[in-house]
Amino acid sequence: MNRVELQAMAETERNRQKAFQCRFLCCVGTPCLSAGGGVVQEALKQAIAVQGLDATVEVVGAGCMGPCSRGPLVRVLPAGGEEAIYEHMTPEKAGALVEAFAGPGCSSFPEESRISSDSPFFGKQVKIVLSGSGRVDPDRLESCVAEGAYTALAHALREMTPEEVCQEVVRSGLRGRGGAGYPTGVKWNLMRKAQGERKIVVANGDEGDPGAYMDRTLMESDPHRVLEGMALAAYAVGADQGYVYVRGEYPLAAQRIQRAIQAAERQGLLGNRILESRFNFRVDVRMGAGAFVCGEETALMASIMGRRGQPVPRPPYPAQRGLWGLPTLINNVETFGNIAPIIQHGGEWYAGYGTEKSRGTKVFALAGKVSWTGLIEVPLGITLREIVFDIGGGIPGGRSFKAAQTGGPSGGCIPAAHLDTPMDYESLQELGSIMGSGGLIVMDDRSCMPDVAKFFMEFCMDESCGKCAPCRGGTVQMVRLLQRITDGGAAPEDLEQLKELCLLLKETSLCGLGQTAPNPVLSTLRHFREEYDAHIREGRCPAGVCDLSGNSME
Amino acid sequence: MPKLTIDDLEIEVPPGTKVIDAAEQLGIMIPRFCYLKELGPAGACRMCAVKFLQGPFKGVQMSCMVDAQDGMVVSTNDPEAVAFRKQVIEWLMLNHPHDCPVCDEGGQCLLQDETVSGGHGLRRYLGRKRTYRDQYLGPFIAHEMNRCIHCYRCSRFYQEYAGYRDLGPLQIADRVYFGRFKDGPLESPFSGNLVDICPTGVYTDKTARFRVRHWDLERAPSLCIHCSLGCHTVANARYREVVRIEGRSSGKVNAGFLCDRGRFGFGYAAHPERPRNAKIAAQNVPMSAAVREAGRRLLEIRESSGAEAIAVLGSGRSCLETLGMVQHLSRVGKWTAPDFFENPQMERKVKAIVSQLDARLAVSLRDVEKADCILAIGVDPVNEAPMLALAMRQAFRKDAKVVVVDPRPIFLPMRFEHLAVSSARIETLLQVLLQVLRQTDLAAPPAPLPQPIQLSEGLLSEVAFDSSVQAQFHALVETLVGSRNPVILCGSGVVGESVSSLAADCAEVLQNAKGKGGIFYVLPSANAFGAALLASSPEHSFLDTVEGIENGTIQALVVVESDPLRHFPDGPRLQAALTKLQFLLVLDYLPSETVRRADIFLPTCTLFEVGGSFINQQGRLQAAEKVHAVGTPIHQATDEAMRSARGEEGGGKHPPRMYDLGIPGGEPKAAWEVLDALMEALVPVAEGTWREDPWEVLKQEIPLLASWNGRGYPADGLHVVPEKRPGAAVALPLETEAHTSPSEASLQLLLVDWTFGTEELSQYAAVMRQVEGEPFLCMHPQDAERCGLAHGDALEVRLEEGSIRASLKVRENMACGVMVLPRHGRIQWQELRNLSGRVPFECIQKISTDTQVIEDLR
Ligand SMILES: Cc1cc2nc3c(=O)[nH]c(=O)nc-3n(C[C@H](O)[C@H](O)[C@H](O)COP(=O)(O)O)c2cc1C
Ligand code: SF4
């Protein structure tokens, strides 16, 4: 396929879609499917068949639409009418929808379960990475192409040199979305200059943080977006092989990516002589086996090579000596999701969003005690208050906001006093948290902070790869101390030891897992010291969560 | 070179030196667990933390991870670093069982040392200790996972360094477990190194378990004499018995590791049946009486039949002092020229090899590690010289290409190209290779390289190599031509006599062009090189001696630390010959068949009891020190006393009550000392040229040693090879019809070595019984099919007067037309006679596999 044929394909598909009077897009992301989305889709199809509307109405799968806890979600796109999303769909409601359409037409769609598009949940969001999610059918290449997939690649291959692609990414100010926020353009330039017989591009879709599912959603909802980003990266740095490393718990994402690769290869959008240029790029999927540490880049590479997923000291960095000794570019799945829009609209356009040092938008998995949970994409620099109270709709049940945890087990909490902090890399770091990959857990006044810290510490203890002593042994020791605190058996010295361990782990662990494992403890100590003191000195849990009967330890 | 300051001391080190090693050079031993120079840094234990005060790094960092750089200022005892290390020890000790009183590692335990030196004494952690189930890992290694501190040395050695996969880390987090998927003997023949490198008592030497405390050991630097490499060891003895062997690092041979044959094969020295008394007609007599009587008998024969009627046989397992004395005695006594090889064909091969080596061409084992291309010809490293396989693997890990040309089913712990061609074809192949190398401009090779088949004017196709071998051969030529440091390995077992010189010629051509690389031979025994240096008379071999015995010209045979009944290719013939002898005098320390047949027997000492010098296959003269006094090990002596207490002989009770002036079982002497005594009995002192010092004798007998000042060795031994070999060899006519057509209904029998179960000395070690496995032979699937046999069949091979039974292994990765038979200790392969010959199909029979036969095989 060449550029012209690509455009033709898009045109054909758009015309095909226009021919329908109404289109029902059913979310086929994991949350909606597990809430019964499959049955709803079937019911819609049946109802349409019963009404004999096959020619005028289409039911298709689509990716994530955002408010995941309200699934199954169905987006209704009436020709000429106003689009709407229906929540908590059931087969019965599906039948009612079709009936309404068959009867008086789309103007009479029921109000019940309807989320209008001007709901505040959508109001402050800016969809760049997720622009196609919830609109394209992830299993149909044509549907994605109709929304512009691979046009950026086609443009770059024809009009841009690899240097220019790198420069455009530099100009966009995009920073890695995998957690550390390393400037992506800088990384690409280093990689472009690296010497190697061959080079490799890896998309990191391991996403092990509890509560985070941005990457999964993107891979499930718009796989071609990720593949196009990888192909652009490969073109920019001179690679000819790519791997998408998908966490073992994400079979659906892996399947979608796999199918997308096959579809793209069949059309010459991946593989050899892409879009009839001289550029070759093959992509393969590699599945992890469910270890958090395999998201760390050196462990990830070991895992791809079939070895034990355990970090090795850097340097050498992957860009110098990566997979099988070849220079390897590793970026997060979401990072790749930003590339096509950047190339399409230009780095400056992208840099127009966000703050000075944190450009663009970021996807968050909003969870916890807010009315609207789900996947959101917001411009960086938005305040936490806007996220929690505008997009999230505030704390349900009349409770009050206590803190929000960002960055998962490697991050920290932001207390109510800092609700107006802009969400960008630097501000979060100043508060003792991190941007992380995008998990955002909101806690109300019924959360006990030492208990929260213990939860994350236990996670790190269990997920430590077991290579280096501080992380392997230190986390166990810290969990024990936190256990004692929440059991009411702790002494004031224990807190001192806890702090000491935090610093030691931070400074001396081999990889990021151990280095950041103390963050939740440090940050809760910083903002909620009084809660620790209440447990230790007064034998009282202010949130009423812990049983402080004092029988600590076995 | 970077110059840095560590604890106020300045040092300059080569670039790339880690700070931890720089400190060690200053005598500052930074604590460590995971770091081992051979394995490189891992960054796992975090024990080697030091504080960097100035330079590109700042703060507490791991000294094993940081390369020394100019201007660094490092403090190893900064309070922050000290506090951190103390905390690390605390972490490592969280789950440790504190079972030092019953741990064999106690006294040489790095964890004990670092716990004390790190200052951790108070247990602050109240949780429960995590415990593990231990695994059965075979007869060599005991496993005690609770003691593990997770330094990853074992798995990194086992998998990365040695290349075996069946032991490694399982599980994650605090539950990491080092072991196998399930219980079972470790597959690697290098497993014993786990004992040496484990910093605590997870892996301990099972054979030495609970027998001794480290501080009670008598220790001395020694050598391994279980193959020709001569690896450096430390021998550890207690109560007149070696209980454990450890690796010792050397600059030219082994990097501190050993193979399991070398580590666990020492049991011959304290074999319960080891003959420790002199005997006349199988009756114990005092040593002096036996020597006197032996002298008298020899004099008698000299009187009656002349000195020529006395022959002497030594072997490559004796130390050089003994071999020199054998030579000397024979020369002074004007006996028939001495032999040092039981197998005449092997003698010719070894002599040919020794004559090829010169200082420029002979590379050491450590040099093999640095090669970028290794061509192994007729050598099976894992089975013939195991540590060679480990050295090759180190080269492989640095991207060296490995090509093996051998008829056997070769296994190596690395990827390699295998040209499985028959022994005869190896010669042809080498001739073509030599021709090609000579014709190619190695300095500026043409690209692409012409097919060797063109280069060799069609010779390759003329000798009918099939196309896959030709393709492999072409790739080999390309690899060699493109290499920078090519090393050729060459064996002596399965190849013809001219191969060694062809290999050396190839190596020389390559070295002339590249300025690097060389040749590395593998010989059949620890001192085969020394034996070849002494075996000066090219015409005489032990076969002549056997003929002499048969026709009556030889009437007395002195056998010194040799077992011809084991090694002589025609067992039945030798047995018959020995009965014709008037007098058989045997000196040895092994309970061998030859010893049992001796008219007079004189006991000698093992290496551990007197030390000795050996020349390894590279021509490196190295010495082992004496480790312990001669004598029956105390527990054996005690057992004897117990026996006599039960009334079998007069005696005592436990504790042993054997009142004697000497040490029980203390009669044996170094063989050269016994020979010296014999000489006194034979040659009146005034007449003889006898000198006390065996070294003076050696200097007389070996010209290469003449200029040397006697005792005392450089640390890496003395390289006793000429500066320049006598010159490139012979252009042999290309043999085009050495191979057999597939229609021929016979197989070539190859008797080969196996890691365990075929080597002479270790075969006497009881523990080897447990690892040597059952006797087997190997065939190519095509041959098996033609004989109507299948993998696993029990076979009988019947030839002339002898037969052997073994099970069949069918192997794809070997040459057609050969039958590979390891010389297993439990089969009488000597009886097959006619060894280099062929075995007709009809002589290979499948035997019924009923239980009786299987019993027999066991
Ligand atoms: C313990 C640990 C877990 C990580 N997990 C992930 C992950 O799940 N996904 C990811 O993209 N990056 C993860 N990272 C970060 C990666 O190492 C790497 O920095 C990232 O993939 C680089 O991509 P980026 O530059 O696009 O952010 C993890 C790092 C650590 C230390
Ligand atoms: S910090 Fe933890 S996860 Fe990272 S290498 Fe060390 S033990 Fe493994």
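Just so you know, the protein sequences line up as chains A and B, in that order. Note that our numbering has the first sequence beginning at 816, numbered continuously upward. Note that our numbering has the second sequence beginning at 17, numbered continuously upward. Glycine included, each C-beta is placed from N, C-alpha and C at the ideal position.
Could you work out which residue in B:Glu563, B:Arg312 and B:Leu597 is closest to Asp586 (chain B) when comparing CA atoms only?
-> B:Glu563
Give the range of the beta strand (DSSP E) segment to which Asn300 (chain B) is assigned.
-> Gln299 to Val301
Return the chain-ordered list of same chain residues with a C-beta closer than 6 Å to the C-beta of Val800 (chain A), the five sequence neighbours on each side being excluded.
-> With chain A covering only 816 through 1369, there is no way to say anything about residue 800 (chain A).
Assign Gly789 (chain B) to buried or exposed, taking buried as 16 or more other Cβ atoms, counted over all protein chains shown, within 10 Å of its Cβ.
-> exposed
Closer than 7 Å by C-beta to Arg929 (chain A): which residues in its own chain qualify, once you throw out the five before and the five after it? Chain order, please.
-> Ala899 and Tyr901
Closer than 7 Å: is that where the CB of Leu110 (chain B) sits relative to any heavy atom of ligand 2?
-> no
Just the chain B side, please: which residues come within less than 9 Å of Val1291 (chain A) by C-beta, in chain order?
-> Trp107, Leu110, Asn111, Tyr141, Gly143, Arg146, Ala189 and Asp190
Could you list which residues in chain A have their beta carbon closer than 9 Å to that of Gln410 (chain B), in chain order?
-> Neighbours of Gln410 (chain B) on chain A: none; closest Cβ ~17 Å, over 9 Å.
Can you tell which of B:Gln175, B:Arg454, B:Phe412 and B:Asp383 has its C-alpha closest to the C-alpha of Arg196 (chain B)?
-> B:Gln175
So which residues on chain A does Phe100 (chain B) lean against when the C-beta distance must stay under 7 Å?
-> Leu1319 and Thr1323
Please work out which residues of its chain come closer than 8 Å, Cβ to Cβ, to Phe558 (chain B), disregarding the five sequence neighbours upstream and downstream, and give them in chain order.
-> Leu329, Asp355, Phe357, Glu358, Asn359, Pro360, Glu363, Pro580 and Phe584
Any C-beta of chain B under 8 Å from that of Lys1282 (chain A) | yes
Flag this pair as yes or no: are the beta carbons of Glu337 (chain B) and Gly628 (chain B) separated by less than 8 Å?
-> yes
What residue from B:Tyr180, B:Arg264 and B:Arg424 has the CA that sits closest to Leu794 (chain B)'s CA?
-> In the sequence as presented, Leu is not what sits at residue 794 (chain B); that position holds Cys. The shortest Cα separation from Cys794 (chain B) among B:Tyr180, B:Arg264 and B:Arg424 belongs to B:Arg424.
Taking 8 Å as the CB-CB limit, is Tyr284 (chain B) close to chain A?
-> no
Leaving aside the five residues before and after Glu641 (chain B) along the sequence, list all residues of the same chain whose C-beta is less than 6 Å from its C-beta, in chain order.
-> Ala236, Pro237 and Gly627
Between Gly59 (chain B) and chain A, is there a C-beta pair that is closer than 8 Å?
-> yes
Less than 7 Å between the CB of Lys1321 (chain A) and some heavy atom of ligand 2, yes or no?
-> no
Rounded straight-line distance, which links the Cα of Cys832 (chain B) to that of Gln441 (chain B) | The amino acid occupying residue 441 (chain B) in the given sequence is Arg; Gln does not appear at that position. The alpha-carbon atoms of Arg441 (chain B) and Cys832 (chain B) are separated by roughly 12 Å.
Residue-level contact to chain E via CB, Ala491 (chain B), 8 Å cutoff | Absent from the structure: chain E. Protein chains present are A and B.
Can you tell which of A:Ser1252, A:Lys1282 and A:Leu1296 has its C-alpha closest to the C-alpha of Glu1273 (chain A)?
-> A:Leu1296
For the stretch 1252-1277 of chain A, which residues have a CB atom closer than 8 Å to at least one CB atom of chain B, in sequence order?
-> Met1276 and Asp1277
Buried versus exposed, by CB contacts within 10 Å (16 or more), Ser265 (chain B) | exposed
Can you list, in chain order, the residues of its chain whose CB lies under 6 Å from that of Phe68 (chain B), leaving out five sequence neighbours each side?
-> Lys74, Gln77 and Val90
Is the Cβ-Cβ distance between Val7 (chain B) and Leu458 (chain B) less than 8 Å?
-> Past the boundaries of the shown model lies residue 7 (chain B); chain B is included only from 17 to 874, so the question cannot be answered.
Below 8 Å on the Cβ atoms is my guess for Leu391 (chain B) versus Ile213 (chain B); work out the distance and round it to an integer in Å.
-> No, Leu391 (chain B) and Ile213 (chain B) are not in contact; Cβ-Cβ is about 31 Å, not under 8 Å.
So, is Lys1282 (chain A) buried or exposed, given that buried needs 16 or more other C-beta atoms within 10 angstroms?
-> buried
Under the three-state reduction of DSSP, which class applies to Ala1104 (chain A): helix, strand or coil?
-> coil
Got a list of residues with beta-carbon closer than 6 Å to any non-hydrogen atom of ligand 2, in chain order?
-> A:Val1108, A:Pro1126, A:Ser1279, A:Cys1280, A:Gly1281, A:Lys1282, A:Cys1283, A:Cys1286, A:Arg1287, A:Ser1324, A:Leu1325, A:Cys1326, A:Leu1328 and A:Gly1329
Separation of Ser439 (chain B) from Thr752 (chain B), as counted between CA atoms = Confidence in Thr752 (chain B) is poor, its pLDDT being 47 and thus under 50, which makes the residue's placement unreliable; the coordinate value appears in the next sentence. Rounded to the nearest angstrom, the two C-alpha atoms are 13 Å apart.
Under the criterion of a Cβ to heavy atom distance below 7 Å, does Glu1372 (chain A) qualify as lining ligand 1?
-> Outside the shown range of chain A, which is 816 to 1369, sits residue 1372 (chain A), and nothing can be said about it.
Could you give the DSSP three-state label for Leu811 (chain B): helix, strand or coil?
-> strand
Rounded C-alpha distance that separates Thr771 (chain B) from Val984 (chain A) = 59 Å
Let me know if Gln1220 (chain A) comes out buried or exposed under the rule of 16 or more other beta-carbons within 10 Å of its beta-carbon.
-> buried
Going by C-alpha distance, which of B:Asp190, B:Gly246, B:Ala523 and B:Arg144 is nearest Pro1285 (chain A)?
-> B:Asp190
With Phe536 (chain B) as the anchor, note down where its alpha helix (DSSP H) starts and where it stops.
-> No alpha helix (DSSP H) contains Phe536 (chain B), which is instead part of the beta strand (DSSP E) from Gly534 to Tyr537.
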